[in-house]
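Anchor point for the sequence shown: position 228 equals 228 in full-length UniProt numbering, and the numbering is continuous, going up by one each time. Taking it in order: structure first as structure tokens, then the write-up.
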Amino acid sequence: MHAVVITEPGGPEVLRWSEVPDPICGPGEVIVDVVASAVNRADLLQRMGKYDVPDGAPDWPGLECSGTISVVGEGVTGWKPGDQVCALLSGGGYAERVMVPVGQLLQVPSGVDLVTAAALPEVICTVWSNLVMTAGLRAGEVLLVHGGASGVGTAAIQIGRTLGARVAVTAGTAAKLERCAELGAQILVNYRTEDFVDVVRTATGGHGADVVLDIMGGSYLARNLDVLAMDGRITIIGTMGGRRAELDLAAVLGKRARVTGSLLRRRTRAGKAAVVAEVCEHVWPLIESGAIRPVVDRVLPMTEAAEAHRVVAGGEHVGKVLLTT
């Protein structure tokens, strides 16, 4: 089969559509003929040699896909060849075929086409596991989402809204903030011209944010703690702003704050299956009802993965950038 391989650590130009070995299907696994995958920030880090591939995962990128099951392994029940699915992966989605443990499979939601379904698994599982399973976001709370126009951000806005939270977002342009508002964000912060601490505090009457979903890491940690409400929770899912920062422990103690971090890709199969099961139960019905919808910026052929990486690296997109076989 063919896949998008990384010839050496570097820029988008190191991505090549090349022949690679076919995946092998073991017990409890299926082979999916890939129709589409999606670009995530982790893919860019992997391409640059800054994100090690988990043991047992393919060397080529791709943390989610959609397609059709072609092979079913021993012991698999409830799935058969021909089923249309999307899947959460440890890697290997930029390819014509990929092996998927059954616990990481999801049915394509009704009302969503097969290509668009590739935009769902990674962002929905990331958001649900962090906002609900870890941070315990509840109705009536204030949620602050950094990077509101990103794939994760557009999903977080919608999930936060359906949970009954008041959603604040940061983004870098008025056009992106407008799109965030259309998805349900109520407090809009242009991080280029405004201080999110001041804006969120003012909009909430001094209360601040109960939960902060952060993609920036080090450069935002002090201000995230500053904007946090009493008993607030910060969950860090990215380090675009650096990996290191000083933390004022007196502020953590004074606010009874919780600071957590999470990488979905590093979870065990059982850990991923637990997240997928909750998503299927709680989020999939909201997608099928139209309360939550996938946000796709553009769709490119997988042979143009380099261009897709340039788009995501440049922050030109709103929502997901998809790749089709």
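Backbone N, C-alpha and C define an ideal beta-carbon position, used for all residues, glycine too. No experiment lies behind these values; they were computed from the predicted model shown.
Residue i (DSSP reduced to helix, strand or coil)
i, result
"Glu-316", "coil"
"Gly-254", "helix"
"Cys-25", "coil"
"Leu-15", "strand"
"Ser-289", "helix"
"Leu-264", "helix"
"Asp-231", "strand"
"Pro-301", "strand"
"Thr-68", "strand"
"Ile-215", "coil"
"Val-20", "coil"
"Val-115", "coil"
"Pro-121", "helix"
"Val-127", "helix"
"Ala-36", "strand"
"Thr-202", "helix"
"residue 340", "Given a span of 1 to 325 for the chain in the structure shown, any question on residue 340 remains unanswerable."
"Ala-95", "strand"
Strand pairing of residue i, partner residues [DSSP]
i, result
"Ala-168", "Leu-144, Ile-187"
"Ala-209", "Leu-228"
"Ile-236", "Asp-214, Gly-261"
"Ser-110", "Partner(s): none; Ser-110 has no beta bridge."
"Thr-324", "Ala-36, Pro-301"
"Lys-101", "It should be pointed out that residue 101 corresponds to Pro in this sequence rather than to Lys. According to DSSP, which records beta bridges pairwise, Pro-101 is partnered with Glu-29."
"Ala-87", "Cys-65, Leu-105"
"Ile-6", "Leu-15"
Proximity below 8 angstroms, CB of residue i to CB of residue j
i, j, result
"Gln-158", "Gly-184", "yes"
"Trp-60", "Val-20", "yes"
"residue 369", "Thr-204", "This structure leaves residue 369 out entirely; the chain is present only between 1 and 325."
"Thr-116", "Val-276", "no"
"Leu-177", "Ala-171", "yes"
"Glu-288", "Gly-28", "no"
"Ala-87", "Gln-104", "yes"
"Met-1", "Glu-64", "no"
"Val-39", "His-309", "yes"
"Leu-15", "Arg-47", "yes"
"Val-312", "Val-318", "no"
"Ala-139", "Leu-213", "no"
"Gly-91", "Val-53", "yes"
"Gly-73", "Gly-26", "yes"
"Thr-268", "Pro-301", "no"
"Val-167", "Gln-186", "yes"
"Gly-147", "Ile-215", "yes"
"Val-152", "Val-123", "yes"
Cβ distance (whole Å) where residue i is taken to contact residue j below 8 angstroms
i, j, result
"Gly-208", "Leu-228", "6 angstroms"
"Ser-219", "Gly-242", "5 angstroms"
"Ser-66", "Ala-3", "Contact flag wrong, Cβ pair sits at about 16 angstroms."
"Pro-294", "Leu-120", "6 angstroms"
"Met-230", "Arg-256", "6 angstroms"
"Ala-245", "Tyr-94", "Actually they do not touch by this definition, with Cβ atoms about 33 angstroms apart."
"Thr-77", "Ile-237", "That belief does not hold up - the Cβ atoms of Thr-77 and Ile-237 are roughly 33 angstroms apart, past 8 angstroms."
"Leu-89", "Val-100", "7 angstroms"
"Val-30", "Trp-79", "6 angstroms"
Sequence-distant residues of the same chain with beta carbon closer than 8 angstroms to residue i, five excluded per side
i, result
"Met-128", "Looking at the sequence itself, residue 128 is Trp, so the reference to Met does not match. The residues are Ile-159, Val-275, Glu-278, Val-279, His-282, Val-283."
"Ala-181", "Leu-188"
"Gly-290", "Gly-111"
"Arg-266", "Pro-54"
Residues near residue i by beta carbon distance below 6 angstroms, same chain, minus five either side
i, result
"Ala-251", "Leu-225"
"Thr-68", "Asp-33, Gln-84"
"Asp-43", "Pro-61"
"residue 414", "Not covered by the structure: residue 414. The range shown for the chain is 1 to 325."
"Pro-58", "Gly-91, Gly-92"
Cut-off 7 angstroms between Cβ atoms - residues of its own chain near residue i, not counting five sequence neighbours on either side
i, result
"Gly-49", "Pro-9"
"Leu-286", "Thr-162, Ile-292"
"Thr-7", "Val-14, Arg-16"
"Ala-149", "Ala-171, Lys-176, Arg-179, Cys-180, Val-318"
Chain D within 8 angstroms of residue i, Cβ atoms only
i, result
"Gln-186", "Protein chain content of the structure displayed is limited to a single chain, and chain D is not contained in it."
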